[in-house]
Amino acid sequence: MKTNKISREELDVILEHLKENSDTKIGIRAYALFQIIAKYPFRLETATLERISQDDFDKLEDKGIRNFLIEGDTYMKFNFNGYKTNKKFGSREILVDDELYETLKLHMKNVKGDYVFFDRKGEITLEKSQDKQRNNLSVWVKRLLKKYDITASATDITKLLITEIWDTGTTQDKIRFAMWRGHEASTAAKVYATSL
Numbered sequence: 006m007k008t009n010k011i012s013r014e015e016l017d018v019i020l021e022h023l024k025e026n027s028d029t030k031i032g033i034r035a036y037a038l039f040q041i042i043a044k045y046p047f048r049l050e051t052a053t054l055e056r057i058s059q060d061d062f063d064k065l066e067d068k069g070i071r072n073f074l075i076e077g078d079t080y081m082k083f084n085f086n087g088y089k090t091n092k093k094f095g096s097r098e099i100l101v102d103d104e105l106y107e108t109l110k111l112h113m114k115n116v117k118g119d120y121v122f123f124d125r126k127g128e129i130t131l132e133k134s135q136d137k138q139r140n141n142l143s144v145w146v147k148r149l150l151k152k153y154d155i156t157a158s159a160t161d162i163t164k165l166l167i168t169e170i171w172d173t174g175t176t177q178d179k180i181r182f183a184m185w186r187g188h189e190a191s192t193a194a195k196v197y198a199t200s201l
């Protein structure tokens, strides 16, 4: 039987601690990034988010494999085009909830470049850059959790989120989480849901 390497209680303690320490640029970035990880069952493509206005996004003819944080006047939303199962599931668009929206508004005031969390470095292809950005996020999560004496990964957090939905959520919740992840609901049940 599979079990989780991180609990809901541990996740909530980390979130609360990051919130309490979100009065600096680094603090608000950490809180915003971990809010996404602790709330949405995305893969590491969060690391590759590019900032874009809704107007500029609407003008893009080809989004390719780019992933975006779209900023509207009163909302933000994620748009994922470059992820593991994008050929099967296509573009995914997820509205940012109100709490995360407020945190991201603060974080975005500090973002100087095109990328929301991890900048693209050097003259390399987009694919190689995204690989490096995803790796940066993976390492960042492990280091953050280690500060709390937790040996776990972003995938372990996703397993916790999906397990919680599978144990207590509605059918609509399960379908929504599967869409957010970019896979079938049956895949979530088989691969990610674990015993708590």
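Residue numbering for the sequence shown is 6 to 201, as defined by the numbering used here. Ideal Cβ positions, reconstructed from N, Cα and C, are used throughout, including at glycine.
Around the beta carbon of L65, fewer than 16 other beta carbons sit within 10 angstroms, so the residue counts as exposed.
In the structure shown, Y36 falls within a helical segment according to DSSP collapsed to helix, strand and coil. In the DSSP assignment, I99 falls within the unbroken beta strand (DSSP E) covering 97-100. Secondary structure of S58 (DSSP, three-state): strand. Rounded to whole angstroms, the Cβ separation of T51 and I41 is 5 Å, and the two are in contact under 8 Å. Here M81 is bridged, per DSSP, to E76.
Within 10 angstroms of the beta-carbon of Q138 lie 16 or more other beta-carbons, which makes it buried.
Per DSSP, reduced to three states, the secondary structure at Y106 is helical. At the C-beta level, F47 and L20 stay beyond 9 Å of one another. Bounds of the alpha helix (DSSP H) holding S134 are 131-151.
Take L111, set aside five residues on each side of it, and the residues of its chain with a beta-carbon closer than 8 Å to its own are S27, I33, A37, in chain order.
Taking all protein chains shown into account, Y80 has fewer than 16 neighbouring C-beta atoms within 10 Å of its C-beta and is therefore exposed.
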